[in-house]
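Student:
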Amino acid sequence: MSAWKEIRQQALQRDNRTCQVCGKPNSAQVHHVTPRSKGGKDELSNLITLCGKCHMVISPVPEWLLTKLWEIQPDEISGERERILHRIDELMININMHY
4 MSAWKEIRQQ
14 ALQRDNRTCQ
24 VCGKPNSAQV
34 HHVTPRSKGG
44 KDELSNLITL
54 CGKCHMVISP
64 VPEWLLTKLW
74 EIQPDEISGE
84 RERILHRIDE
94 LMININMHY
């Protein structure tokens with residue numbers, strides 16, 4: 004197994020395969036809190052499990068696609084994005100205290 008696959012599995016196991024923002028079970032997307040493009044590492048302390056919806060909202064996805072796929076109204080996207088990012092910040096403080 005590659006190093007990325009192994010650390011990804013560790014993040015999923017740590018988070019019980021549950022979205023750490025909304026609590027959706029059986030979530031399988033692992034998000035880099037600090038993107039690799041900005042120096043983020045493939046380390047457990049930089050990874051968090053998200054569901055597809057929460058991951059897409061904070062990713063650079065066109066707003067029309069979020070509206071179509073997740074039925075998020077255009078005027079709600081900015082607030083939803085801020086809420087998710089704030090929750091991730093809170094969770095990362097807790098994760099970094101333990102790892």
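Here the sequence shown is numbered in our numbering, starting from 4 and rising by one per residue.
All C-beta atoms, glycine included, are put in the ideal place defined by N, C-alpha and C.
For T52, which three-state DSSP category applies?
Tutor: Reduced to three states, the DSSP call for T52 is strand.
Student: So, does the segment 24 to 38 touch the segment 53 to 67, judging by three or more C-beta pairs under 8 Å?
Tutor: Counting Cβ pairs under 8 Å, three or more are found: they touch.
Student: With burial defined as no fewer than 16 other Cβ atoms inside 10 Å of the residue's Cβ, what is the status of A14: buried or exposed?
Tutor: Result: buried.
Student: Counting only the same chain and skipping the five closest in sequence on each side, list residues whose C-beta sits under 7 Å from that of I87.
Tutor: V24, C57, V60, I61.
Student: For the candidate residues E46, I51, Q32, whose alpha-carbon lies nearest to that of A6?
Tutor: Of the candidates E46, I51, Q32, the one whose C-alpha sits nearest the C-alpha of A6 is E46.
Student: I'd like the span of the beta strand (DSSP E) that includes Q32, first residue to last.
Tutor: It spans 32 to 35 - the beta strand (DSSP E) in which Q32 sits, taken as one unbroken run.
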